[in-house]
Every structure is written in C-alpha cells, then in structure tokens.
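Undergrad:
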Amino acid sequence: GQDTRLTFSSGAASSSSIGVSDFKANIIWCDTRDGNQEIYYKLNPNANQVGITPINSEIPDEYSLSQNYPNPFNPVTNINFQLPRSGSVKLTVFDMLGKEVETLVNENLNAGTYNADWNASNHSSGVYFYKIQAGDFSEIKKMVLVK
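Be aware that the sequence shown starts at 3, since it is given in our numbering, and climbs by one per residue.
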C-alpha cells in the first residue's frame, strides 16, 4: 500500500514522526527534556507502548539477550540485548502455547546495546517467552507476568 509520513518538531526538546502504511500507524518520538535522549515507538491499533533506547555507544563483542528485569513483573518489564553488528532485529513475545502476542522490535538497528520495554497491561498473568532474531543469532528466554 501507499506510505504516508507526517513529521513535526516542537523545538529542541522533542521531535515526532507518524507513518501510516497498510492501515497501521507507526508513531515515533524522541524526548530529551531530562537531558537523556529517549526514543519511543508505538504501533497502533495494539496501543501498547514500546520504548527502544540505546544504552551506550560501545560496540559489544557478541550477540546477547539478557533476562528481563524485573521478573516476575507487573505490568512493564525491560529486555536488554546486544548487537555486535548492524542489521535486521526482531524481538517477539510468545505465550505458553507458542502464539505470538506482540512484536517489540522489527527493524534494522546499528551495533550497540539496547533496552526494549514491554507493557503487558493488555495480557493475562502467566508465563511468556521472548525471542530475539538478529542475523544468525537467535535466543529465547522465559518471563512471568503476575497481576
């Protein structure tokens, strides 16, 4: 389908971009009001906020996926991952039956260390799995949502 992008800026403190493709809205905004650069991404219609934040500029030696923190969690948890090379990255959450419940990251990222937040407010208590796929690297870890 046709892609539409609206970009606007409200000064040095923040900037935003809205992209619409195939009936999905992608909203990305950057907030630097507290002195740190925080980039947020929201995909509608799911309405679950995901923040993807680079942690530092050092390039890791190898791929890694850390255990989410906190775990157990309610309702937001943080997932840290490291990429030694730039490339396509997909970070997905699955339920106990293996059904994909949410995609947290599905984009090209530069080499570095990242945090991805999962807001599970719209999901039931239970065990979930998260999987990263980046190049030839793939890893799965378990997390527990307690409400």
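Yeah, the Cβ is synthetic: ideal placement off N, Cα and C, and Gly gets one too.
Please read all numbers here as calculations on a predicted model, not as lab measurements.
(1) How big is the Cα-Cα spacing for SER68 and ILE61?
(2) VAL129: buried (16+ other C-beta within 10 angstroms of its C-beta) or exposed?
(3) Contact defined as beta carbons within less than 8 Å: I believe LYS92 pairs with ASN108. What is the distance between those atoms, to the nearest angstrom?
(4) Taking only the alpha-carbon atoms, compute the straight-line gap between PHE131 and ASN112 and give it to the nearest angstrom.
(5) Just to confirm the assignment, what range does the beta strand (DSSP E) spanning VAL78 have?
(6) Quick check on the burial criterion: 16 or more other C-beta atoms within 10 angstroms. Buried or exposed for LEU147?
(7) As a quick exercise: from GLY114, GLY100, PRO86, THR94, pick the residue whose alpha carbon is nearest that of ASN121.
(8) Enumerate in chain order the residues of its own chain whose CB-to-CB distance from ASN2 is below 6 Å, with the five nearest sequence positions on each side excluded.
(9) Under 6 Å Cβ to Cβ from PRO47, same chain only, skipping five residues before and after it: list those, please.
(10) Would you call THR79 buried or exposed, if buried means 16 or more other Cβ atoms sit within 10 Å of its Cβ?
(11) Who are GLU104's beta bridge partners in DSSP?
TA: For this structure:
(1) 16 Å
(2) exposed
(3) 5 Å
(4) 24 Å
(5) 78–85
(6) buried
(7) THR94
(8) With the chain running from 3 to 149 in the structure shown, residue 2 is simply not present.
(9) Note that PRO47 scores a pLDDT of 47, beneath 50, so its modelled location is shaky; the value from the coordinates is reported in the next line. Nothing listed; no residue qualifies.
(10) buried
(11) VAL95
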